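Heads up, the thing below is written out as structure tokens.
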Amino acid sequence: MDKRRKRKGGQRSKRGILLDHDDDARGDLHNFQGPRKTLHDYFIDLSGKRASVREEALSTILKALTLNIEQKFVELNFVTLVYQCLHSIKKGSPTEMKQAAHIIGLLSMITTSVEKVHEAYEDVLTALSQGGLKPKLKTLEILGCLTVVTFFGASNSDETESVMKLLWDLIHPGTDSSIERKDSPAVLTAMISAWSFLLSTIDGWRLSHKNWQGAITYFSIILDSNDEALCAAACEALALVFESNCLEKFTSATKDSNKELKDNIIKQLRSRLSETGNERISSQDPRTGFSSASAALDFLEDEKCANTHVTIGGQKLILSTWSQKVQLKFLKHFLGNDGFVKHMMENENFHSVFDFLPERRNAWGNVLYVPEREEVTISLFQPMVARHNDCSLLPLLTRDKQLAKKKTMSPNSHLSKARTQLLKKQRDLSLKEREIDCFDY
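Numbering of the sequence shown is given in UniProt numbering, commencing with residue 1 and proceeding in unit increments.
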């Protein structure tokens, strides 16, 4: 019996691998790992039949585009990714729908192709305008997707305003509408923020005269809301409206009535900020570094937007208009703090939006300026002298050549010294980069 046990537990395999004990076999199989999945593998998994596989793929791609950008992957697979994500929005599970919507927004802010992002804008707007998908607009992720795609993909103000009108019909259905107001404060806040975000991209004189009548009155009513975030969204919308300097687009009142309307809003904000029970409304927003209510009050009283700044990667970004403040707040909310910093430092589209040029730093925090092109030039003044083909002038010509040679080719010339300094600077930068590479493992 013991011999049979020894034989049974001894040579476990007849296929070239001998496992002496069952525990060893289980341990080896547990420790064995196949090749690590790449982003392309997860891209292929989006076509899988199992919902769990698709959700895992969407989650991985979502994280990669948020924290790593993956520019090359986006450019190569943009069209297919948008198509598959739209399919997930239409027929996928609620989790798939939210993840896919967020990914479309990320794709639109990463790609540098104007044609691709505009095509995505058209596809998303067409899909969400259909009767079956229109109710999904009140899902926060899909709302964010449509807004971001419009921000980066709309080719003119008319296309942007068409999406704003779609949002406005949800925000303020009107008295003759069959839509009943049942939205939570969070959904209403998101819709107003999205509307303001798109308004920040349009010059006031381009806006329609008929689409936004009554907007000032509506937002001033919301200022009395007990919800802090909703009140802040209304403050930002009102500040943008007044910053556009086209109040006639938002109200049918006369200039005198507009003055009275503005004074009433100022009184509302003062009363709001002075109430002891609502002190938290004046608290600072960690995403923007300023309070929407108090900043809006200062803006309406002074008719001037006070400069604020946020620190990104050790650099200060100055925000001098309400449009910039609203855009920063919305994009930071969409990406999260880590994702926003990453995109601000590496995404060219963000550099254009905020006019932000990040500095390149080494591991010790020192700034390395590495321009794409650097030249040294020297200007020499030489008076115009009439010369003739005369042999008597040969000594003068020879002397001019020697002088020019001395000023440009001599080791002691200004040009040679400047060239030496430039080469030394570039050599120091190369050494620093090699040192960084040595420790980057």
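Where a beta carbon is used, it is the ideal one built from N, C-alpha and C, also for glycine.
Just so we're clear, the structure is a prediction, and the values are computed from it rather than from any experiment.
Helix, strand or coil at residue i according to DSSP, with G and I counted as helix
| i | result |
| --- | --- |
| K316 | strand |
| G144 | helix |
| S252 | coil |
| P135 | helix |
| R419 | helix |
| H102 | helix |
| E346 | helix |
| Q213 | coil |
| E56 | helix |
| R36 | coil |
| L207 | coil |
| K63 | helix |
| K332 | helix |
| E303 | coil |
| Q296 | As written in the sequence, residue 296 is Ala, which differs from the Gln given in the question. Helix. |
| E275 | coil |
| L223 | coil |
| D263 | helix |
| residue 469 | Lying before the first or after the last residue shown, residue 469 is absent from the chain, which here runs from 1 to 441. |
| L429 | helix |
| N258 | helix |
| T95 | helix |
| I44 | helix |
| H21 | Caution applies to H21, whose pLDDT of 41 falls short of 50 and renders its modelled position unreliable; the model cannot decide the point. |
| T111 | coil |
Cβ neighbours of residue i in the same chain (closer than 7 Å, five flanking residues each side left out)
| i | result |
| --- | --- |
| F340 | L331, K332 |
| V53 | D45 |
| L335 | T66, H343 |
| L357 | H351 |
| S155 | H118 |
| A100 | L58, C85, S88, I89, G92 |
| L143 | L137, A190, M191, A194 |
Cross-strand partners of residue i (DSSP beta bridge)
| i | result |
| --- | --- |
| H309 | I318 |
Boundaries (first-last residue) of the alpha helix (DSSP H) holding residue i
| i | result |
| --- | --- |
| A237 | 228-243 |
| W195 | 185-199 |
| N77 | 71-91 |
| S291 | Counting along the chain, S291 falls outside any alpha helix (DSSP H), and DSSP gives it neither H nor E. |
| R50 | Careful: R50 lies outside any alpha helix (DSSP H) and carries neither H nor E. |
| S162 | 157-171 |
| K116 | 114-129 |
Sequence-distant residues of its chain with Cβ nearer than 8 Å to residue i (five each side left out)
| i | result |
| --- | --- |
| T150 | Y121, L125, E159, T160, V163, L198 |
| K262 | F242, L300 |
| I103 | L58, I61, L62, L65, L81, C85 |
| F354 | L317, Q324, Q327, L328, M344 |
| C246 | G204, W205, L207 |
| L240 | S196, L199, S200, W322, S323, V326 |
| E56 | Y42, D45 |
Exposure label - residue i; buried when at least 16 CB within 10 Å
| i | result |
| --- | --- |
| W205 | exposed |
| E348 | exposed |
| V310 | buried |
| G314 | exposed |
| V114 | exposed |
| L170 | buried |
| Q421 | exposed |
| L397 | Only weak support is given to the placement of L397: the predicted model assigns it a pLDDT of 48, under 50, and the value that follows is read from those uncertain coordinates. So L397 ends up on the exposed side. |
| L423 | exposed |
| K136 | buried |
| Q130 | exposed |
| Q426 | exposed |
| E303 | exposed |
| L76 | exposed |
| A306 | exposed |
| H209 | exposed |
| I221 | exposed |
6 Å CB neighbourhood of residue i in its chain, flanking five on each side removed
| i | result |
| --- | --- |
| A229 | T189 |
| L140 | A190 |
| S323 | S200 |
| V79 | none |
| N258 | L247 |
| S292 | A232, C235, E236 |
| F73 | L39 |
| S157 | I202, R206 |
| Q213 | S252 |
| I48 | Note on identity: in this sequence residue 48 is Gly, with Ile being the wrong assignment. For G48, where only same-chain residues beyond five positions count, the Cβ hits under 6 Å are R54. |
| F219 | A234, A237, L238 |
Cβ of residue i within 8 Å of any chain C Cβ
| i | result |
| --- | --- |
| A194 | Annotation note: the requested chain C is absent from the structure, which comprises a single protein chain. |
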